[in-house]
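Residue numbers (the numbering used here): 6 to 932.
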């Protein structure tokens with residue numbers, strides 16, 4: 006494209022600027038003319054408003070003098086009061102009195118006022134929040150006195166009168182404006198009972214005539230509206246309807262000036278067409294446009310010469326580039342584009358300036374980034390931060406400072422840290438620090454501070470100096486954090502590390518530590534100490550029955566009881582669950598140890614009352630005595646545990662002293678556990694079966710499966726010789742599952758041989774409570790589909806059933822759904838409770854052998870047997886006697902109503918391969 010000429014590039018824009026300047030001036034003058042027209046309209050509205058205000062002001066003086074006259078004439082009559090009520094226009098209203106004279110319909114005073122000063126006057130009586138005219142010369146449209154009419158409830162006057170205040174202003178009375186005055190009438194107690202009124206009716210005809218002659222421009226109009234926005238007065242060349250429509254909708258082609266007259270509740274409007282204003286304004290622009298054109302042409306000629314001489318030469322380059330360069334710098338683009346200019350010209354200087362700006366912006370940005378990060382850290386840091394000047398006075402703090410100390414930024418500025426509670430326990434800590442370090446030292450450590458509310462808190466403070474680039478000291482910066490909670494948590498964690506969280510007693514770790522110290526002291530002083538291991542006998546049923554919260558409360562109360570039975574230098578610890586360890590120190594002999602343990606057991610057996618429930622527990626205690634048992638601490642505690650186990654397996658509720666025989670027993674226990682595992686693997690275990698018969702008919706009704714251990718030495722061990730060592734371990738579950746599988750297999754073989762009876766199996770409590778018991782039983786039963794599940798009868802001990810009756814009941818019901826039956830073994834030897842017998846869903850009760858042995862010689866045993874048989878009959882339970890050995894016992898059982906029995910008197914347990922022969926060849930005696 007051909008390069009633009011000098012004229013088109015420089016003078017054309019200048020000419021365009023000139024034209025635009027003229028147009029701009031024209032537009033400005035046009036706007037100014039429009040504004041003048043509008044201002045004149047507002048001036049006219051103000052003129053009308055001033056005329057109305059002047060009228061109000063002139064008449065207002067008459068209002069004040071008339072009001073004084075009205076109040077004076079009223080005072081002559083006497084003091085105002087209310088005397089009962091009076092009827093007015095069929096309405097009962099308060100009777101307003103002046104002196105002894107009622108003022109209702111009494112026009113004497115009001116007419117007396119207006120006869121002198123013209124105008125109108127009224128007496129009001131207050132009825133609740135209404136003011137009723139009782140004497141007035143205000144006239145209605147029918148020219149009658151407005152007696153009984155109300156003061157406008159929405160008007161300005163009534164609000165002031167209710168508050169006991171006067172009101173002077175312009176109000177509408179029955180549709181006409183009055184320049185009025187109202188003052189409250191007060192009784193002797195200062196209560197508003199009525200009101201005085203005087204007023205002068207505004208001559209609306211005069212206002213109407215003035216406004217009708219008033220207009221604006223040629224087609225505009227003037228209007229006055231009241232507080233309801235209704236037109237009261239309007240220019241005569243404009244209709245009310247048309248004017249109201251323009252004032253309401255305010256069309257864009259009309260311009261409206263408004264002026265509110267508050268005292269009159271009027272608003273003055275002057276409206277005129279925008280088109281008419283435009284034409285007037287444009288007509289005033291012709292001279293300006295002519296002069297502007299002439300001046301612009303002359304300026305263009307002068308500028309043409311001036312640009313060449315004074316602009317292009319000093320510029321030093323392409324003006325277009327100079328403009329682009331300025332624009333880029335203005336937009337913040339300081340990059341180097343490789344352009345150069347003549348030396349010492351404007352463009353050359355601009356290029357140098359751009360280079361300096363580029364370098365400055367880079368430095369500023371780097372500084373801003375650093376300051377932004379620093380500010381963000383300062384504002385959002387969780388640690389409190391304060392900055393002091395060289396005199397240790399605070400000049401800035403962060404929000405965390407206020408959060409921790411309670412002092413706001415404003416309260417902290419110009420204060421020293423000491424005055425804000427820092428290091429309050431050390432006199433002049435900061436002053437001494439600042440003086441001694443000469444603004445060079447640092448300090449960090451733990452101090453105690455005071456918050457604004459006086460609360461003490463522990464803080465970790467790190468304070469250091471800040472210098473400028475030349476190394477001159479500027480400020481101290483202090484960083485601190487509230488570590489009160491952390492120290493409390495540390496203290497709590499330290500406590501919990503060595504104490505039980507429930508009872509707050511020492512735990513195993515602290516007990517072991519104390520045991521080590523006590524052993525050293527006992528050895529040094531040649532004293533005896535007792536290491537005791539305590540376990541509750543029947544705590545689990547309480548936990549299951551009442552819930553763990555009650556169980557925990559019982560443990561807390563138990564800990565308190567145990568502590569009261571110990572000396573201060575003794576140690577009581579909770580090892581976990583319901584197990585406790587006790588360390589008895591001091592110069593005590595074995596008898597004194599026994600007495601202490603007696604007291605402990607006695608205190609435990611005293612009933613506990615928790616949540617209005619009475620609960621009884623007992624305990625088993627094992628203990629060992631140093632130096633009789635001279636072993637390391639862990640071994641001593643383990644010996645006490647072994648002794649406790651011995652006490653528990655021998656009935657509980659007592660204590661037992663560890664001895665060598667007991668140690669040997671537990672070593673045997675560990676060995677037996679290993680041997681039983683080997684016995685299962687090498688098929689050393691055998692099942693024996695003892696017949697159960699109907700003692701009336703001699704019929705075999707079932708067998709009880711009994712386990713035996715055939716040792717490699719051919720010695721046959723009875724259950725009592727090895728089962729007690731594993732009955733509380735998981736090994737009993739493995740053994741029981743083997744027994745169930747073996748018995749079901751045997752029942753299937755007997756059915757094939759034509760023998761059809763049930764087999765009873767003893768189930769250990771440990772196995773019954775195993776969560777997999779029901780699913781495991783179902784799996785084994787499914788392995789032998791040819792065997793009906795009702796051929797399998799599980800015998801559980803009475804103590805095992807009652808120990809966790811809710812859980813046991815649930816398990817029995819789940820198993821019975823599979824088809825198996827249940828019996829209680831050794832019934833009568835444990836709880837023998839009617840309630841428990843009724844609650845347990847068992848099918849059979851086995852009377853304990855001890856009662857069968859003694860019933861022929863002991864009346865109490867006989868009574869127990871008889872009662873059990875009767876209970877079973879009442880509760881529809883089968884009953885079988887175990888341990889029968891003589892015909893006399895069998896005969897007695899029949900007399901008592903018991904039909905089933907087993908025992909050595911009938912047959913001893915036998916191997917499975919001898920059962921069929923016994924059933925076929927032996928004829929059991931009948932009773």
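Even for Gly, the Cβ is constructed at its ideal location relative to N, Cα and C.
Bear in mind that the values here come from a model prediction, so they are computed numbers and not experimental data.
Practice task
Check each candidate in 767, 729, 306, 786 and name the one with the smallest Cα separation from residue 749.
Solution key: For the purposes of this step, residue 749 is taken as the residue at position 744 of the chain shown. From the listed residues 767, 729, 306, 786, the smallest Cα separation to residue 749 is found for 786.
Exercise for the section: Within the same chain, show all residues whose beta-carbon is closer than 7 angstroms to that of residue 823, passing over the 5 residues directly before and after it, in chain order. Expected result: For the purposes of this step, residue 823 is taken as the residue at position 818 of the chain shown. 782, 783, 786, 794, listed in sequence order.
Exercise for the section: Check residue 924 in the structure and name its three-state DSSP category. Expected result: For the purposes of this step, residue 924 is taken as the residue at position 919 of the chain shown. It is helical.
Exercise for the section: Let me know the secondary structure DSSP gives residue 21 once reduced to three states. Expected result: Locating residue 21 in the chain shown gives position 16, counting from the first residue. The answer is helix: DSSP assigns residue 21 an H, G or I state.
Problem - Length of the line joining the Cα atoms of residue 775 and residue 404 - result: Taking the first residue of the chain shown as position 1, residue 775 is located at position 770. Taking the first residue of the chain shown as position 1, residue 404 is located at position 399. Residue 775 and residue 404: Cα-Cα distance of roughly 59 angstroms.
Exercise for the section: Give the straight-line distance between the Cα atoms of residue 837 and residue 514, rounded to the nearest whole angstrom. Expected result: To locate residue 837, count along the chain shown from 1; it is residue 832. To locate residue 514, count along the chain shown from 1; it is residue 509. Legend: pLDDT at residue 837 = 46, less than 50; position of this residue unreliable, no value from coordinates given.
Practice task
Assign residue 168 to one of three DSSP states: helix, strand, or coil.
Solution key: Against the chain shown, residue 168 aligns to sequence position 163. Looking at residue 168 - three-state DSSP - the assignment turns out to be coil, as it is neither helix nor strand.
Handout entry: Helix, strand or coil at residue 503 according to DSSP, with G and I counted as helix
Key = One-based indexing of the chain shown puts residue 503 at position 498. DSSP places residue 503 in helix when its eight states are reduced to three.
Handout entry: Span separating the alpha-carbon of residue 159 from that of residue 179
Key = The residue labelled residue 159 in the question sits at position 154 within the chain shown. The residue labelled residue 179 in the question sits at position 174 within the chain shown. Roughly 13 angstroms separates the two Cα atoms.
Exercise for the section: Using a threshold of 7 angstroms, state whether the C-beta atoms of residue 577 and residue 568 are closer than that. Expected result: Here residue 577 refers to the residue found at position 572 when the chain shown is read from its first residue. Here residue 568 refers to the residue found at position 563 when the chain shown is read from its first residue. Contact flag set, yes.
Exercise for the section: Out of 402, 396, 595, state which residue places its alpha-carbon closest to the alpha-carbon of residue 385. Expected result: For the purposes of this step, residue 385 is taken as residue 380 along the chain shown, with counting starting at 1. Nearest C-alpha to residue 385: 402.
Practice task
Inspect the CB distances between the segment 32–50 and the segment 284–298 and report whether three or more fall short of 8 angstroms.
Solution key: Yes: at least three Cβ pairs fall under 8 angstroms.
Problem - Through-space distance from residue 792 to residue 919, alpha-carbon basis - result: Looking up residue 919 in the chain shown gives position 914. Looking up residue 792 in the chain shown gives position 787. Residue 919 and residue 792: Cα-Cα distance of roughly 21 angstroms.
Handout entry: Proximal residues to residue 25 (C-beta, below 8 angstroms), its chain only, five neighbours per side dropped
Key = Taking the first residue of the chain shown as position 1, residue 25 is located at position 20. Same-chain partners within the cutoff: there are none.
Exercise for the section: State the start and end residues of the unbroken beta strand (DSSP E) segment that holds residue 700. Expected result: Translated into the one-based positions of the chain shown, residue 700 becomes position 695. Note, residue 700: premise wrong, no beta strand (DSSP E); not H, not E.
Problem - Separation of residue 771 from residue 737, as counted between CA atoms - result: The residue you call residue 737 lines up with position 732 of the chain shown. The residue you call residue 771 lines up with position 766 of the chain shown. Cα to Cα, the separation comes out at about 7 angstroms.
Practice task
Could you tell me whether the Cβ atoms of residue 856 and residue 870 are closer together than 7 angstroms?
Solution key: If you number the chain shown from 1, residue 856 lands on position 851. If you number the chain shown from 1, residue 870 lands on position 865. Yes; because the gap between Cβ atoms is below 7 angstroms, this pair is in contact.
Problem - Rounded straight-line distance, which links the Cα of residue 544 to that of residue 667 - result: Start at 1 with the first residue of the chain shown, and residue 667 comes out as number 662. Start at 1 with the first residue of the chain shown, and residue 544 comes out as number 539. Any reading at residue 667 must be qualified, since the residue scores a pLDDT of 48, below 50, and its modelled position is unreliable; the value itself is stated next. Computed Cα separation, rounded: 25 angstroms.
Problem - Candidates 42, 831, 220: closest to residue 885 by CA position - result: Your numbering for residue 885 matches position 880 in the chain shown. With distances taken between Cα atoms, residue 885 lies closest to 831.
Exercise for the section: Just the C-alpha distance for residue 755 and residue 763, rounded to the nearest angstrom, thanks. Expected result: For the purposes of this step, residue 755 is taken as residue 750 along the chain shown, with counting starting at 1. For the purposes of this step, residue 763 is taken as residue 758 along the chain shown, with counting starting at 1. Roughly 11 angstroms separates the two Cα atoms.
Practice task
Please state if the CB of residue 921 and the CB of residue 709 are separated by a distance shorter than 7 angstroms.
Solution key: Along the chain shown, read from residue 1 onward, the residue named residue 709 stands at position 704. Along the chain shown, read from residue 1 onward, the residue named residue 921 stands at position 916. It is not a contact, given that the beta carbons lie outside the stated cut-off.
Exercise for the section: Assign residue 265 to buried or exposed, taking buried as 16 or more other Cβ atoms, counted over all protein chains shown, within 10 Å of its Cβ. Expected result: Against the chain shown, residue 265 aligns to sequence position 260. Classification for residue 265: exposed.
Handout entry: Sequence-distant residues of its chain with Cβ nearer than 7 angstroms to residue 192 (five each side left out)
Key = Working through the chain shown from its first residue, we reach residue 192 at position 187. Excluding positions up to five away in sequence, the list reads 85, 86, 87, 198.
Problem - residue 657 vs residue 542 beta-carbon contact at 7 angstroms - result: For the purposes of this step, residue 657 is taken as the residue at position 652 of the chain shown. For the purposes of this step, residue 542 is taken as the residue at position 537 of the chain shown. In this structure, residue 542 lies closer than 7 angstroms to residue 657 by Cβ.
Exercise for the section: Starting from residue 480, follow its DSSP beta bridges and name the residues at the other end. Expected result: Translated into positions along the chain shown, residue 480 becomes position 475. The partner list for residue 480 (beta bridge, DSSP) reads 471.
Problem - Residue from 476, 464, 429, 512 whose Cα sits closest to the Cα of residue 490 - result: Along the chain shown, one-based indexing puts residue 490 at 485. That would be 464, whose Cα lies nearest to the Cα of residue 490.
Exercise for the section: Have a look at 263, 181, 129, 125 and flag the residue whose alpha-carbon is nearest the alpha-carbon of residue 200. Expected result: In the chain shown, counting from the first residue as 1, residue 200 sits at position 195. Looking at the Cα atoms, 129 is the closest of the given residues.
Exercise for the section: Using three-state DSSP, classify residue 405 as helix, strand or coil. Expected result: On the chain shown, position 400 is the one that residue 405 refers to. Residue 405: helix per DSSP, three-state reduction.
Exercise for the section: From the DSSP output, in three-state form, read off residue 41 for me. Expected result: Locating residue 41 in the chain shown gives position 36, counting from the first residue. For residue 41, the secondary structure class from DSSP, reduced to helix, strand or coil, is helix.
Handout entry: Straight-line gap, residue 938 to residue 693 (C-alpha atoms, nearest Å)
Key = Nothing can be reported for residue 938, as the shown portion of the chain is limited to 6 through 932.
Problem - Rounded straight-line distance, which links the Cα of residue 867 to that of residue 566 - result: Here residue 566 is taken as the residue at index 561 of the chain shown, counted from 1. Here residue 867 is taken as the residue at index 862 of the chain shown, counted from 1. If I take the Cα positions, the gap works out to 42 angstroms.
Practice task
Closer than 6 angstroms by C-beta to residue 902: which residues in its own chain qualify, once you throw out the five before and the five after it? Chain order, please.
Solution key: For this step, residue 902 is matched to residue 897 along the chain shown. Excluding sequence neighbours, residue 902 sits near 874.
Practice task
Check whether the Cβ atoms of residue 564 and residue 510 sit closer than 7 angstroms, and answer yes or no.
Solution key: Counted from its first residue, the chain shown places residue 564 at position 559. Counted from its first residue, the chain shown places residue 510 at position 505. Taking 7 angstroms as the Cβ cut-off, residue 564 and residue 510 qualify as a contacting pair.
Handout entry: DSSP state of residue 88 mapped onto helix, strand, coil
Key = Within the chain shown, numbered from 1, the residue matching residue 88 stands at position 83. Correct three-state label for residue 88: strand.
Exercise for the section: Tell me whether the beta-carbon of residue 236 lies closer than 7 angstroms to the beta-carbon of residue 248. Expected result: On the chain shown, position 231 is the one that residue 236 refers to. On the chain shown, position 243 is the one that residue 248 refers to. Yes.
Exercise for the section: State the Cα-Cα distance for the pair residue 597 and residue 627, rounded to the nearest angstrom. Expected result: Taking the first residue of the chain shown as position 1, residue 597 is located at position 592. Taking the first residue of the chain shown as position 1, residue 627 is located at position 622. Residue 627 has its alpha-carbon roughly 15 angstroms from the corresponding atom of residue 597.
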